[in-house]
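Protein chains in written order, with full-length UniProt numbering: chain A, 1 to 381; chain B, 1 to 381. Quick notes on the structure that follows.
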């Protein structure tokens, strides 16, 4: 049994890399989105005993049924149009969908992405409009490390060499990478579509990696550090590293290499989850740098507002003059909902002007796409 | 058992998306490359019975050992510096390494990427040199579809608005995507380093997706077509679609949107595996378009040379004048080795000038990185 498994593993591995050969065995198509918005998933596993589909479009995981040639299959739905992470669990082991190119860039879990299109293409779907570009940049980061940024430039950027643009800095969450707002958030298509409809200003969007400490450790040959527990000294240090990177390295890099308008009213910053916490720390700590601030499923505690951010909270008249937008969003099933409501109450009690969007749903990228779509329309106007 | 598995699957799924929470359970670090170039892999699977590591740095798969907290572990090596695909097989199911951000973009299998650094950074490693950029472009493709390109622009490109550059079109293989030469081939870092050392001309590199038929089918709401068996009518049609896309859509798009020098001596084309076959079909069928042609683990049959490419094979004097480079490469353990040797013999017998590189090893991306590194140094000179 052991030898057979080793042989299977090796052959799988070898086979998996025989790129010129047509695949042996049955061809699996997954996912298949049907006209009526039901979705069929297929997974090849002739030896498995149980294969389960998990996904944020389901109320609970569903079992798949083994069919001919060892292909497990299930059809679910109709599914509401959106983009959802999903995975299979095969005899207890979580896997991505091998047949699906679309993946969820992440440091800790591996998932696939399902797109169920709207009858009319939604704001985050590929439409027939002018497209911007998404560029991966390697920049000199803090502590001698090299960082990676994903940068969106709007349609027309390259054709307008005399035009400069405002910049929107967008930070993802714990275990997300600099790719997640692109690959999962579809930020480039959201902006393409908003710009095409005249709903958003043409802007550059800069997406950094929020886990600066891990990159520094890995480039110095060390082990990647564990994510610290929230609200600990280590977590605070982690936040501060991203702030240093953004202020000292990323913004200067962007403003040297892109035609960015270099004033605070042309800089916006937003973030999801841990990225939202980093957003507030950076923005409230650098009020001379950003005039547009948004948090997606994140907030600052009354304690932080009363101490670290006292200059912001104690002078609402100045704060309201400086900030052209202070935007707060969360889903009403999100575990961040209670703390976000507390933050909103704090802002209100301290007469700090804000706008907010509370949606249904939880701590999901389906909500993040809504938050990007809504907040981007308010920037730089 | 069934309910428990469903619950585990759903909790895993839910947990996996609680991006703000520190992970419950033990922190897994994988892979860990040690100073002596041994590598430790870890995989969390408390309920698994057998976990195996497969990778192209191994002679055969190895079993991992279950340790505390359900973390499976193995240390292998020392491993020769290079970049290798790998995966785990968990009770018969192949998975990527959840702890590793680096993945292998692919339509059919899912693998992770291990980098074992050289004592001095190798040509495909991140070095402290000026970096180019890698841009994802969405262009109007054939049959009304929208295609995706990955485009490398060299260091200095943005700062030199009066300078135009030669273009290197680079096509990956069956099941690879437009990302594979970037994420696995590390083409951007190879070019950054070659250019920094004065070994390669600054150039633009354009990486298309070779599976045009699949994209068209999916965008038209149809099911992705199976890969046809080689040398069939369907395979030929598939090749022809990429040729149409390249000549009619991609090249005009690149030459409108990038500062590309618009003459045949400033266009090079290369491909790996199926991409190499597509390269020859495009180049030999469009001798007025490309002057530099390279194949990586691919070839043309004597039959094709005698029929489809007769204008090339029957007039060596003209062919040798037109082609500034005809470069052929393969590994001597590659299953493409016999047909490539046959192709080389054909070229020799027909007095068609060529250069070649035959390496050790098989049909791997370790070899492809060597081929890119060597052939890029010969282009546009």
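Note that the Cβ used here is the ideal one computed from N, Cα and C, for glycine as well. Note that the coordinates shown come from a computational prediction; the quantities given were computed from them, not determined experimentally.
Delimiting residues of the beta strand (DSSP E) encompassing residue i
i, result
"residue 295 of chain B", "292-296"
"residue 101 of chain A", "Where residue 101 of chain A is concerned, there is no enclosing beta strand (DSSP E), given that its DSSP letter is neither H nor E."
"residue 42 of chain B", "39-44"
"residue 93 of chain A", "93-95"
"residue 89 of chain A", "82-90"
"residue 112 of chain A", "111-116"
"residue 385 of chain B", "Within the shown structure, residues of chain B are numbered from 1 to 381, placing residue 385 of chain B beyond reach of any answer."
"residue 54 of chain B", "51-55"
"residue 207 of chain B", "204-207"
Spatial distance of residue i from residue j (CA atoms)
i, j, result
"residue 305 of chain B", "residue 135 of chain B", "36 angstroms"
"residue 324 of chain B", "residue 128 of chain A", "40 angstroms"
"residue 237 of chain A", "residue 276 of chain A", "16 angstroms"
"residue 145 of chain B", "residue 216 of chain B", "6 angstroms"
"residue 208 of chain B", "residue 278 of chain A", "37 angstroms"
"residue 353 of chain B", "residue 140 of chain B", "37 angstroms"
"residue 21 of chain A", "residue 356 of chain B", "Its pLDDT being 41, under 50, residue 21 of chain A is placed unreliably by the model, and nothing is read from it."
"residue 157 of chain B", "residue 345 of chain A", "50 angstroms"
"residue 9 of chain A", "residue 54 of chain B", "Since pLDDT at residue 9 of chain A reaches only 48, below the 50 mark, its modelled position is unreliable, and the value read off the structure follows with that caveat. Going from the Cα of residue 9 of chain A to the Cα of residue 54 of chain B covers about 7 angstroms."
"residue 115 of chain B", "residue 299 of chain A", "38 angstroms"
"residue 241 of chain B", "residue 213 of chain B", "7 angstroms"
"residue 347 of chain B", "residue 244 of chain B", "26 angstroms"
"residue 297 of chain B", "residue 269 of chain B", "14 angstroms"
"residue 312 of chain B", "residue 287 of chain B", "9 angstroms"
"residue 82 of chain A", "residue 317 of chain B", "58 angstroms"
"residue 376 of chain B", "residue 202 of chain B", "10 angstroms"
"residue 259 of chain B", "residue 232 of chain B", "39 angstroms"
"residue 373 of chain B", "residue 178 of chain B", "19 angstroms"
"residue 131 of chain B", "residue 56 of chain B", "29 angstroms"
"residue 221 of chain B", "residue 308 of chain A", "53 angstroms"
"residue 94 of chain A", "residue 76 of chain A", "19 angstroms"
"residue 187 of chain A", "residue 371 of chain A", "11 angstroms"
"residue 379 of chain B", "residue 33 of chain B", "35 angstroms"
"residue 91 of chain B", "residue 48 of chain B", "6 angstroms"
"residue 23 of chain A", "residue 45 of chain A", "Per-residue confidence for residue 23 of chain A stands at a pLDDT of 46, beneath the threshold of 50, marking its modelled position as unreliable; the derived number appears in the next sentence. Going from the Cα of residue 23 of chain A to the Cα of residue 45 of chain A covers about 15 angstroms."
"residue 88 of chain B", "residue 96 of chain B", "6 angstroms"
"residue 294 of chain B", "residue 365 of chain B", "16 angstroms"
"residue 28 of chain A", "residue 68 of chain A", "12 angstroms"
"residue 104 of chain B", "residue 123 of chain B", "20 angstroms"
"residue 234 of chain B", "residue 321 of chain B", "34 angstroms"
Cβ separation of residue i and residue j, assumed to be a contact under 8 angstroms, to the nearest whole Å
i, j, result
"residue 52 of chain A", "residue 62 of chain A", "7 angstroms"
"residue 271 of chain A", "residue 170 of chain A", "7 angstroms"
"residue 204 of chain A", "residue 151 of chain A", "7 angstroms"
"residue 328 of chain B", "residue 185 of chain B", "Actually they are not in contact, since the Cβ atoms of residue 328 of chain B and residue 185 of chain B sit about 18 angstroms apart, beyond 8 angstroms."
"residue 174 of chain B", "residue 273 of chain B", "6 angstroms"
"residue 98 of chain B", "residue 110 of chain A", "5 angstroms"
"residue 197 of chain A", "residue 101 of chain B", "Incorrect: roughly 34 angstroms between the Cβ atoms, too far for contact."
"residue 362 of chain B", "residue 339 of chain B", "Actually they do not touch by this definition, with Cβ atoms about 14 angstroms apart."
"residue 393 of chain A", "residue 247 of chain A", "Here chain A comprises residues numbered 1 to 381, so residue 393 of chain A is not present and cannot be evaluated."
"residue 155 of chain B", "residue 192 of chain B", "6 angstroms"
N-terminal and C-terminal residue of the alpha helix (DSSP H) that residue i is part of
i, result
"residue 142 of chain B", "It is not in any alpha helix (DSSP H) - residue 142 of chain B carries neither H nor E in the DSSP assignment."
"residue 359 of chain B", "Run containing residue 359 of chain B: none in the alpha helix (DSSP H); it sits in the beta strand (DSSP E), 355-359."
"residue 215 of chain B", "212-219"
"residue 427 of chain B", "As displayed, chain B neither begins before 1 nor continues past 381, which places residue 427 of chain B out of reach and without an answer."
"residue 195 of chain B", "187-196"
"residue 153 of chain A", "That residue, residue 153 of chain A, is in no alpha helix (DSSP H); its beta strand (DSSP E) goes 146-153."
"residue 366 of chain B", "365-376"
"residue 305 of chain A", "302-306"
"residue 351 of chain A", "Premise fails: residue 351 of chain A is in no alpha helix (DSSP H) and is neither H nor E."
"residue 183 of chain B", "180-183"
Any non-hydrogen atom of the ligand NAD closer than 7 angstroms to residue i Cβ
i, result
"residue 35 of chain A", "Ligands displayed in this structure: none; no statement on the ligand NAD is therefore possible."
Inside the segment 230-300 of chain B only - beta strand (DSSP E) runs reaching at least 3 residues:
267-272, 292-296
To be precise: take each residue of the segment 296-317 of chain B, compare its Cβ to all Cβ atoms of chain A, and keep it if any distance is under 7 angstroms. Which residues remain?
none
Could you run through the segment 115-140 of chain B and flag, in chain order, every residue whose CB is less than 7 angstroms away from some CB of chain A?
126, 131, 133, 134, 135, 136, 137, 138
Enumerated in chain order, which unbroken segments of the alpha helix (DSSP H) with a length of 4 residues or greater are wholly contained in the segment 313-340 of chain A?
316-322
Members of the segment 39-58 of chain B that neighbour chain A once the beta carbon cut-off is set at 8 angstroms
45, 47, 48, 50, 52, 54, 55, 56
Taking a Cβ distance cut-off of 7 angstroms, strictly less, list which residues of the segment 251-266 of chain A are near chain B, in chain order.
257
Compile a chain-ordered list of the residues in the segment 142-162 of chain A whose CB is closer than 7 angstroms to at least one CB of chain B.
146, 158, 161
For the segment 177-196 of chain B, which residues have a beta carbon sitting closer than 7 angstroms to at least one beta carbon of chain A?
177
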